[in-house]
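Written below as structure tokens is the structure these notes are about.
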Amino acid sequence: MATKLEYIWLDGYKPTQSLRSKTKIVKEFSGKVEDLDNWSFDGSSTEQAPGGSSDCILKPVFVVPDPQRKSAYLVMCEVLSADGKPHESNGRATIADDDNDFWFGFEQEYFLWDPSTSKPLGFPAAGYPAPQGPYYCSVGAKNAFGREIVEEHLDACLEAGLNVEGINAEVAAGQWEFQIFAKGAKEAGDQIWVARYLLERIGEKYGVAINWHCKPLGQLDWNGSGMHANFSNTTLRTANSKEIFTAICESFRPAVAECIAVYGADNDQRLTGKHETASIHDFSYGVSDRGASIRIPLYAVDHNWSGYLEDRRPNSAADPYKVAAVIIKTVKSAKL
Ligand code: ADP
Ligand code: MN
Ligand code: MN
Ligand code: MN
């Protein structure tokens, strides 16, 4: 049966890459990623190649059934240059986690955004809604805006087989979160990108845009959007040691600039020290501390210092591949 394959990739825009995709029809498909062919696209239209030699290659790396189209799949791809080497925009290829020892849980926050008013859902055309307070985990038409989109997205993710662990309404009006967990950094990134793709596409149906910017309402008293990165490896999961947790946290201190470089654009606007963030100029960690750069979850302390860490600095627009890559590199540099 004719099958629709939606090849999805990240463009070369800086500082924030966007999703691109196009459909390939094949006669038959097994459902297995290894049975998918590479494809190509015009890299001169995505800031990935000059017009004179415009071809870039799409290499399928992750495939799930497409819950919204008949006889169809979503195919996440890495971008290769014409010579077959990973393109410089390809963050996935920089992840050094071949044994999938690293587990990641990303908390993706975002705003549902009305493109006609350039404001979040729930904001009146003029002025502002009531101040923050009632919106977080709210129910009711006064405080929860856009739930039908959020619910449709959750169903679509689950039907596609993505490992969504939960959703919640966030602190600002029109702001929401979903969490995705995977054993393996590449797969965690793949799942976040496919979930973002599904959310964007569902938004189209409602004429609602997804605003991934980390501080779309500027310096007013509204929360920004993060993508907290919860991570562990065997060392953390089986540490039984406060010293190991401290050493791994300390390994992030000399890596601040390298981390911030890939933790999402405009993060200085979000990491102000207010709204449950640490200042971009500081580095700190602490048990249960939501004002720290890295939070040591109570879970780890309760499990005799074994478990995971939460880097709270990555923002909503960050590339989870690049975030995972730098976290893995930094954790591996820890002096244990
Ligand atoms: P909070 O909002 O309190 O920061 P959430 O419940 O939204 O917490 O997110 C916690 C995340 O931590 C989830 O995505 C979960 O999958 C992830 N997580 C839990 N255990 C581990 C682990 N061992 N390794 C990596 N991530 C983990
Ligand atoms: Mn959360
Ligand atoms: Mn949150
Ligand atoms: Mn969190």
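According to this note's numbering, the stretch in the sequence shown is residues 892 to 1227, in order.
For each residue, glycine too, the CB sits at the ideal point set by N, CA and C.
Give the DSSP bridge partners of Leu965, in chain order. Paired residues: Glu897 and Val955.
Using a 10 Å radius around the Cβ and a threshold of 16 neighbouring Cβ atoms, would you call Arg1085 buried or exposed? Strictly speaking, residue 1085 in this sequence is Val, with Arg absent from that position. The residue in question, Val1085, is buried, as its Cβ has 16 or more Cβ neighbours within 10 Å.
Bounding residues of the beta strand (DSSP E) (the contiguous stretch that carries Tyr1176): In the DSSP assignment, Tyr1176 falls within the unbroken beta strand (DSSP E) covering Tyr1176 to Val1178.
For Gly903, count the other beta carbons within 10 Å of its own beta carbon; 16 or more makes it buried, fewer makes it exposed. Which is it? Residue environment for Gly903: buried (at least 16 other C-beta atoms within 10 angstroms of its C-beta).
Roughly how far, in whole angstroms, is the beta-carbon of Gly1182 from the beta-carbon of Glu1167, given that I think they are within contact range, below 8 Å? Contact flag correct, Cβ pair sits at about 7 Å.
How many angstroms separate the CA atom of Pro1205 from the CA atom of Glu998? Looking at the backbone, the Cα of Pro1205 and that of Glu998 are separated by about 10 Å.
Got a sec: does ligand 2 put a non-hydrogen atom nearer than 7 Å to the Cβ of Glu1068? For Glu1068, the Cβ falls inside the 7 Å cut-off from some heavy atom of ligand 2.
Straight-line gap, Phe920 to Cys1048 (C-alpha atoms, nearest Å): A direct Cα-Cα distance of roughly 21 Å separates Phe920 from Cys1048.
Considering only residues of the same chain and omitting the five flanking positions on each side of Glu1056, which have a CB-CB separation below 6 Å? Gln1070 and Phe1072.
Boundaries (first-last residue) of the beta strand (DSSP E) holding Gln1070: Gln1066 to Lys1074 is the span of the beta strand (DSSP E), which, as asked, contains Gln1070.
For a test of your reading of the model: does the CB of Glu1056 fall under 7 Å from any non-hydrogen atom of ligand 4? Yes or no. It does not: the Cβ of Glu1056 is nowhere closer than 7 Å to a heavy atom of ligand 4.
Environment of ligand 4 in chain order, Cβ to heavy atom below 5 Å: After applying the 5 Å Cβ criterion, the set is Glu998 and His1119.
With distances taken between CB atoms, is the gap from Gln1066 to Asn1114 smaller than 8 Å? A distance below 8 Å separates the beta carbons of Gln1066 and Asn1114.
Given 7 Å as the limit, tell me if Glu1201 has its C-beta closer than that to any heavy atom belonging to ligand 1. At a cut-off of 7 Å, the beta-carbon of Glu1201 counts as near ligand 1: some heavy atom of the ligand is closer than that.
Determine the contact status of Leu971 and Pro951, defining contact as a CB-CB distance below 8 Å. In this structure, Leu971 sits away from Pro951, with a CB-CB distance that is not shorter than 8 Å.
Apart from the five residues just before and just after Asp988, which ones in its own chain have a Cβ nearer than 8 Å to its Cβ? Within the same chain, Asp988 has close Cβ partners Gly1075, Ala1076, Lys1077, Ala1215 and Ile1219.
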